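One point on numbering: in this note's numbering, the residue at position 541 of the sequence shown is 541, and numbering is uninterrupted. Don't be surprised by glycine CBs; every beta carbon is placed ideally from N, CA and C. Since the model is a prediction, treat every value here as computed from it, not as a measurement. Data first, discussion second: the structure below is written as C-alpha cells.
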Amino acid sequence: MRRFIVALLVLFIGAQVTANDMDAKIEDILKQLTLDEKIAMTHAQSKFSSPGVPRLGIPEIWMSDGPHGVREEISWDSWSPAGWTNDSITAFPALTGLAATFNPGLASQYGAALGEEARYRKKDILLGPGVNIYRTPLNGRNFEYMGEDPFLASTMVVPYIKGIQQNGVSACLKHYALNNQEQWRGHINVEVSDRALHEIYLPAYKAAVTEAKVWSVMGAYNQFRGQHTTHHEHLINDILKGDWGFDGVLVSDWGSTHDTKEAALFGLDIEMGTGTDGLTTSSENAYDYYFLAKPFREMIQNGELDEDILDDKVRRILRLMLRTNMNPDRPLGRMNNLEHLEVARKVAGEGIVLLKNDRSFFPIDPDKKMTIAVIGENATRAMTPGGGSSALKPKNEISPLQGLQERFSKATILHSLGYTAGPSQYGRVIPSTMDADSLQKAAVKIAAKADIVLFFGGLNKNHGQDCEGGDRQDMTLDFGQDELLKKLIKANKNIGVILVSGNAVEMPWLSKVKGLIQAWYLGSEAGHAIADVISGDVNPSGKLPFSFPAKLSDNAAHSFGELSYPGDGKTQYYKEDILVGYRWHDTQDIKPLFAFGYGMSYTSFKLSSIKTDKKSHGAGEIINISCKVSNTGKIDGSEVIQIYVGKPKSNVKRAVKELKAFQKVHLARGKNASVELSIAVDDLAFYDESISGWNLEKGDYLIYVGTASNKIAKKVKINIK
Ligand code: BGC
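In C-alpha cells:
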C-alpha cells in the first residue's frame, strides 16, 4: 500500500513538474519576443498556417481540415488545391457514421488513426471534430457532426479527441457555438435560452474541454445575442476559458473575425482566413491587414489595448506548440497503412443502420447464383470529394457497386444509373446533360429482369445537398428518385433501398420496399463496408444518432415558423428550446418515421432482470442499473443498451426522457451477459436560469431501459432525496 501511495505521489509530482516546466518555458520564450513577433503569431501567414519566430527556432503552425480525413494540400494563398501528388490519404466515415456506432472504443481507434495521418502529413492542428447539434434535417453540414443528442455527442467526442492528440496533433473542436445551419451562417444572430444552451448545445464542447482536454477550439461564423461567436465575451471568456478552464487556443473560422477590439478582448487567439490574397496585388486583404495584425499592434501602441491581452494569446499559442510541434517526443505518424483502412471499414460497418427488413430481405446470400440489379447514382458516385471544407482526396474509395461486385462474385450484377445529379462546383450545381426519362427506362428494364433490386440513392455532396455553405431546400429526395422508385417497385417487388446521406429524408415509398439500410458517407472503405452488411459478413448494429421525422413540419425547429428556422435574415429564435430531436417527438407525441437510437440486427435480443441498485439516491451518488441481455437469434451480433431518464412531475418543462447512459454489447448467438451501467445523480439536474447553474430536483424519476428511444423494455421508478 505504501509503495502504491509513493508511486502515486511520484506520478502526481511528475505531472506537476511537467505543467510547471511548460509554464516556465512559456515565460522564458515570451520574454524574448518582440511586439511584432508576438503580433505575427496571432494571425495567418497563409491559407492554413500561422508564422513562427525563425530567429528563435519557433516553428510555424500548420493546420488542415478536417474531421474525417486530412484534406489535400491547399495553395499558400488561395482555396485552389496545391496540386501535390503525395497527399492522398485514408478517408474515414463522416462523423454521423461514427456517432451511429454508439461505440466510444471505435471513436478512440478512429481518432488515433486519423491523428497518425495528420502527423504524417506534418499538421499541428487538425480542424475537427464538429459537435454542432442536429437541429434541422436541412442543415447542409449535419453529416460532419455527431447527431442530435448532447450525451451521445459528448461520449463519442472525448475518445476521438484523445486519439488525435496522443499523436502530438491538436484537435480543433468546432464550430463554437450554435452554428446549426448554413443558411446565413456568416451573420445570423441566434437567440436561444440559457437553459437550451447549457443542456443541449454546449455539453459536447464542455466534455471535449474538461474531459478530453482539447488543445484548440474554433469559433463559429454566426452571432449569438448580437455578438459574433468567434469573439464572444460570454461564450469564450466567461464559459470556455472561465468556467471550463480551457487553456488552449481559440482559432477563428476562416473569415469569421469582424473587429479588432472584440477579437482582442473576447478571446480570439489566432485569426485565420480573413483575407486570401496576401501574395497578390491588393493590400486590403493581405495578412498584415488582418484584424489581429497591424490594427491590433496600433491599438496596443496607442494604449487602447494592454499588451497583457496579447501576451495571454501568445502564451496559449506557445502552450499549443509545446504540446505539438515543439514536443520532441511526439511520434512520427503513419498514412494509408492497412490498419487505418481496417479502422475505417470497422467504423463504417458498425455505423450502418438497418431500418427495415421485411421477411429477412437482408442479408443476401453471396453464394447464390442470381441476378442483382444495382440501380442509382449513389452506387458509383464518389462521396469523399465535395461537401465543402471536409472534402477528401483518398488514395482509394471503394464504391458500393465495386464492393458488391467483389463480394457477390457468383451473381450477375447489372447496373444502371436511374437518375443523376450532375456535378457541382463552387456552390453551383451544373445540371446533368443526360436525359432523365431514358435513364429511368433503362433502370426499369434491368429491374424487371433481376431477382433482386438494390436501389442506391439518397443525397450527395453537391451544393444544396449535404454540403457546407448552404442548406437543403426541403426534406425530399431530389433528381426524381421518388418517382423512379415508384416505377422500380412496379417492375420488381423484391427491392431494397440503401440510402447514402448524412441527413434524414422523406420516404413516400417506404411501405412498398422490403428492406432499408441507412449508409452514411463511409469514406475509403464505403463499398466494402456496405457489402459486408448486405452479405451478412457483418451483422448490423448501428443506431440512428438523430430522429428521422416523417415530414419536415414534424421536426421541432420547423414547428415554429420561419423565425425559428431559418430566421428573418438577421435573427432566429430557437423556439423549441430544449425540445430538440427525440425530446420533441416524445413530448409532443409526434411519431417519427425512425426514432433516435433505433436500428435493427440480423439477430434478436431480449432484455430481462432490469433493476437499479437502490430505490432511493442522494446528490453526489451513483445510480447503478443492471440488466441481462440475451442474443435469442441464430447469429452473433451486437446490441446497444440505452438508458433514458425522465421526471414526470417537475416544476420545469422537461422532455419525457433523455439519454443518460448507453453501452454496446457483443454476444455470440444463444449467449447472454449481464450489463451494468451507471448514471451520476448530479447529471439529472436541469439548468436553472434563476441561479445560472444546475439544479437537482428532488422526487420521483423514471429510468427507461431499452434498445432505442422508442423501444423501451422497462421503466423503473427511483427517488432522489
Ligand atoms: C469551415 C471550417 C473549416 C475552415 C477551413 C470554414 O469555411 O467552416 O469548418 O475548418 O473553413 O477550411
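Look at residue 584 here: in three-state DSSP terms it is helix. Classified as exposed, residue 430 has fewer than 16 neighbouring CB atoms from the shown chains inside 10 Å of its CB.
Here the alpha carbons of residue 246 and residue 417 stand approximately 50 Å from one another.
Counting along the chain, the unbroken alpha helix (DSSP H) around residue 405 starts and ends at 400-407. A contact between stretches requires three or more CB pairs, one per stretch, nearer than 8 Å, and the stretch 73-90 fails this requirement with the stretch 21-40. Per the Cβ contact rule, the stretch 598-613 is in contact with the stretch 627-637 (3 or more Cβ pairs under 8 Å). Contact between residue 219 and residue 127 does not hold, since the beta-carbon distance rounds to 12 Å and is not under 8 Å.
Within the stretch 509-571, the alpha helix (DSSP H) runs of at least 4 residues that lie entirely inside it are, in chain order, 526-535.
With a cutoff of 8 Å on beta-carbon distance, residue 534 and residue 513 are scored as not near each other. Note that the C-beta distance between residue 309 and residue 200 is not below 8 Å. For secondary structure counted as the alpha helix (DSSP H) over 4 or more consecutive residues, the stretch 112-200 holds these complete runs in sequence order: 150-165. Judged by beta-carbon spacing, residue 656 lies within the 8 Å limit of residue 587, meaning their Cβ atoms are closer than that value. Set against 7 Å, the gap from the CB of residue 607 to the closest heavy atom of ligand 1 is not smaller. Cβ-Cβ distances below 6 Å link residue 715 to 702, 704 in the same chain, with the five nearest sequence neighbours on each side left out; the list follows chain order. Straight through space, the alpha carbons of residue 559 and residue 591 are spaced by roughly 14 Å. Only residues of its own chain outside the window of five on either side were considered, and among them 151, 643, 644, 645, 679, 683, 684 have a CB closer than 8 Å to the CB of residue 660, listed in chain order. In this chain, the alpha helix (DSSP H) harbouring residue 340 covers 338-351. For residue 701, the enclosing beta strand (DSSP E) covers residues 699-708. In the DSSP secondary-structure assignment, residue 617 is bridged to 720. Straight across, the Cα-Cα distance linking residue 382 with residue 165 is about 29 Å.
Judged by DSSP in its simplified three-state form, residue 22 adopts helix.
Beta-bridge partners of residue 693 (DSSP): 688. Secondary structure at residue 363: coil, using DSSP grouped into helix, strand and coil. Under the three-state reduction of DSSP output, residue 296 falls in the helix class. Pairing residue 268 with residue 231 gives a Cβ-Cβ distance under 8 Å. Taking every protein chain shown into account, the CB of residue 162 has 16 or more other CB atoms within 10 angstroms, so this residue is buried. Inter-segment contact for the stretch 89-108 and the stretch 296-312 is absent: fewer than three beta-carbon pairs are separated by less than 8 Å. Counted as a single uninterrupted DSSP element, the alpha helix (DSSP H) harbouring residue 209 occupies residues 203-210.
The stretch 107-120 makes no contact with the stretch 531-547, as fewer than three CB pairs between them are under 8 Å. The beta carbon of residue 630 is closer than 6 Å to those of 606, 672 in its chain, skipping five residues each way along the sequence.
Straight-line spacing of the CA atoms in residue 688 and residue 653 works out to 11 Å.
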